[in-house]
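Protein chains in written order, with the working numbering: chain D, 1 to 348; chain G, 349 to 696. The C-beta atom is built at its ideal place from N, Cα and C for all residues, glycine as well. Predicted model only: the values in this text are computed from it and were never measured. In what follows, a structure is listed as structure tokens, so that the remarks can point back to it.
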DNA sequence: ACGTTTTACTAAATCGATTTAGTAAAACGT
DNA sequence: ACGTTTTACTAAATCGATTTAGTAAAACGT
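Right, here's the structure in full:
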């Protein structure tokens, strides 16, 4: 089978005896008040007939716009990030943007590698979940002002930038208060060892409420790499063993909670009778678990919409350095059985 | 802050008084036996010094290779596909390929839209999970031979193509035999209503084993869109109600199983005492469930590796139309409590 | 000693679009 | 009636690489 070469604007130009300039104007909707209706019709009909589509690489080379957005997630296989990816995808495609994904694994070196890779390529925008210890790199990237940069799931205090995040402080405060109000006296916190705003705020919200209520704060911090490993589980185990008075656990992420639930099961602790559980980030798992696990759920759809629409808006404004897109959304406390107080007489 | 324009090969040419031809040869490793060592050194040193990186868009325009692979998943937010995406990503980047993702939602129209979108753009390869009723479009795409096309998670009998799939027939046969061997007399099958090879083979494997053992086949097929809806759950409910003799359920996908587990819980049926459960596709949920759910797990890492390495190999061979990459991997039966036969005396 | 081959390069074309800087003819204004 | 503006276009430059088709000088062969 003979390969037929793709048709170019030059071919059309020759075929119709019309300059490429004119054709380009027509394609790009700049023909109004410049080109006669007859010529417009002739060109449009021909384009329709042969199914011509401009070569996007050539357009990118000439205009510097690639219609490409890089989504640098912490981990694209994490249900939270893949759900966000899915929602963003649709809106991006509707606006003829494509999305390239990658995962930092919360590792600085990997993020840097990916960033250098994409800075060289033409990319219009970055949606980034910056890893640990990446503030300087992010600040530099943003100051360069070559692409739209949207920060997701965390943010920085020290400089101006676009971001979409959950109100983690507020969520954590509400979560902790809720557990105390349910009558749990000794709420423990299982968090990530991290300087990222997200985990910091979740810890601080908990600490703040415990302090307000003159309760002793008890927390354990697991590092990102350990969460899914025996080491991580062991850390939580030791935390619980050392603090037998704990009657309730607030987990800062869903991965921590999953490790925690495995552990509690192994330890033979009953939820919520022996220890109640509440975690950040919903997953279908949690609703189905026995007992169903209470969560602070992030508004995934809303977050994804703000992320992609904010990014597209900024792209349209064409990098005006002073317009900022900053959204802080509220979490939703979903009460299920795992955080319920079982009254003493019922428990027996 | 003044934006400094990116340096081009022409700038280097002017600066060093060396033609762009020579520089291009050096950059692309074609300098051997052509260009003197001194010039090579001079150019390489300068490139190193100013940190020059060729503009990839220009390269794409000239060479026709974009170093881009499109991963068209059924649904990128599905844990199976996002796990595959994650594993492929790393290898792709190591080989300086980038991946654009999209989801067909198993809808023909959407897949067609996405395909037309990407066929116009320069894309080197497609990794596609074709939706329902998309055979002709796939055959055409493959025959055009413009990009490497890798089919994933399903395949076609009628024409030659590259694919990576699970041995679904074998897996289903083993799964059904296993349930019968465990003493379950009436195994029911909950599948997808679909002409895709994957779901067809899973059904046929079940039917084959039931026939071999002179057992009555009982199955319900739910359409893709209904799986996560009340309608889907209702269909399974009616199936179970109409067939009270069923003592074991084989689910063809993890989404079906999740809907099924919710239903069994609502119906108050005990697993595995009242009804045993086995499902395709592992998820962390299943291990943690009470009781832990037995699964036929797909070798995700292995699949992803074959997919991306197969694709990269085919890309290197530069579209030789006759070389085919076809891998059929075995599933792994993971026995957990949900499929165990509880002996009568223990049951009481 | 002189034709041929090899070495070490370069000028210009090319990929396929957009954009700048123009022009000829028609219409307008007074 | 004649200069000016508007209309409707086009030629050529440009984005930044790679590649084709060459060439001048050195080395080689007999």
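CB of residue i within 8 Å of CB of residue j, strictly
{"i": "residue 339/D", "j": "residue 179/D", "result": "yes"}
{"i": "residue 678/G", "j": "residue 658/G", "result": "no"}
{"i": "residue 645/G", "j": "residue 680/G", "result": "yes"}
{"i": "residue 393/G", "j": "residue 56/D", "result": "no"}
{"i": "residue 496/G", "j": "residue 662/G", "result": "yes"}
{"i": "residue 388/G", "j": "residue 379/G", "result": "yes"}
{"i": "residue 477/G", "j": "residue 462/G", "result": "no"}
{"i": "residue 558/G", "j": "residue 549/G", "result": "no"}
{"i": "residue 307/D", "j": "residue 127/D", "result": "yes"}
{"i": "residue 243/D", "j": "residue 188/D", "result": "yes"}
{"i": "residue 690/G", "j": "residue 621/G", "result": "yes"}
{"i": "residue 643/G", "j": "residue 629/G", "result": "yes"}
{"i": "residue 252/D", "j": "residue 88/D", "result": "no"}
{"i": "residue 418/G", "j": "residue 471/G", "result": "yes"}
{"i": "residue 604/G", "j": "residue 625/G", "result": "no"}
{"i": "residue 143/D", "j": "residue 156/D", "result": "no"}
{"i": "residue 35/D", "j": "residue 47/D", "result": "no"}
{"i": "residue 236/D", "j": "residue 259/D", "result": "yes"}
{"i": "residue 619/G", "j": "residue 647/G", "result": "no"}
{"i": "residue 101/D", "j": "residue 68/D", "result": "no"}
{"i": "residue 355/G", "j": "residue 391/G", "result": "no"}
{"i": "residue 293/D", "j": "residue 286/D", "result": "yes"}
Residue i: first and last residue of the uninterrupted beta strand (DSSP E) it sits in
{"i": "residue 653/G", "result": "Residue 653/G -> not in any beta strand (DSSP E); alpha helix (DSSP H) instead, spanning 648-664."}
{"i": "residue 218/D", "result": "218-222"}
{"i": "residue 98/D", "result": "98-103"}
Beta carbon proximity, residue i to chain D, threshold 8 Å
{"i": "residue 392/G", "result": "no"}
{"i": "residue 470/G", "result": "yes"}
{"i": "residue 671/G", "result": "no"}
{"i": "residue 449/G", "result": "yes"}
{"i": "residue 350/G", "result": "Here residue 350/G scores only 40 on pLDDT, less than 50, and its place in the model should not be relied on; the value that follows carries that caveat. False, the Cβ-Cβ gap to chain D never drops below 8 Å."}
{"i": "residue 687/G", "result": "no"}
{"i": "residue 620/G", "result": "no"}
{"i": "residue 604/G", "result": "no"}
{"i": "residue 601/G", "result": "no"}
{"i": "residue 431/G", "result": "yes"}
{"i": "residue 405/G", "result": "yes"}
{"i": "residue 504/G", "result": "no"}
{"i": "residue 632/G", "result": "yes"}
{"i": "residue 623/G", "result": "no"}
Where the alpha helix (DSSP H) through residue i begins and ends
{"i": "residue 585/G", "result": "578-590"}
{"i": "residue 553/G", "result": "545-560"}
{"i": "residue 421/G", "result": "From DSSP, residue 421/G is part of no alpha helix (DSSP H) but of the beta strand (DSSP E) over 416-421."}
{"i": "residue 187/D", "result": "That residue, residue 187/D, is in no alpha helix (DSSP H); its beta strand (DSSP E) goes 187-192."}
{"i": "residue 433/G", "result": "427-442"}
{"i": "residue 136/D", "result": "135-144"}
{"i": "residue 48/D", "result": "37-50"}
{"i": "residue 465/G", "result": "456-468"}
{"i": "residue 285/D", "result": "284-288"}
{"i": "residue 245/D", "result": "Taken as a continuous stretch (DSSP letters only), residue 245/D belongs to no alpha helix (DSSP H), as it is neither H nor E."}
{"i": "residue 516/G", "result": "516-529"}
{"i": "residue 76/D", "result": "It is not in any alpha helix (DSSP H) - residue 76/D carries neither H nor E in the DSSP assignment."}
{"i": "residue 374/G", "result": "368-375"}
{"i": "residue 59/D", "result": "56-63"}
Strand pairing of residue i, partner residues [DSSP]
{"i": "residue 674/G", "result": "511/G"}
{"i": "residue 150/D", "result": "127/D, 162/D"}
{"i": "residue 297/D", "result": "332/D"}
{"i": "residue 278/D", "result": "250/D, 294/D"}
Short CB-CB distance (under 8 Å) between residue i and chain G
{"i": "residue 60/D", "result": "yes"}
{"i": "residue 129/D", "result": "no"}
{"i": "residue 352/D", "result": "The first residue shown for chain D is 1 and the last is 348, placing residue 352/D beyond what the model contains."}
{"i": "residue 349/D", "result": "Because residue 349/D is not part of the residues shown, which for chain D are 1 to 348, the question remains open."}
{"i": "residue 11/D", "result": "no"}
{"i": "residue 259/D", "result": "no"}
- Task: May I ask you to verify whether the stretch 426-442 of chain G touches the stretch 76-86 of chain D, counting CB pairs closer than 8 Å and requiring at least 3?
- Result: yes
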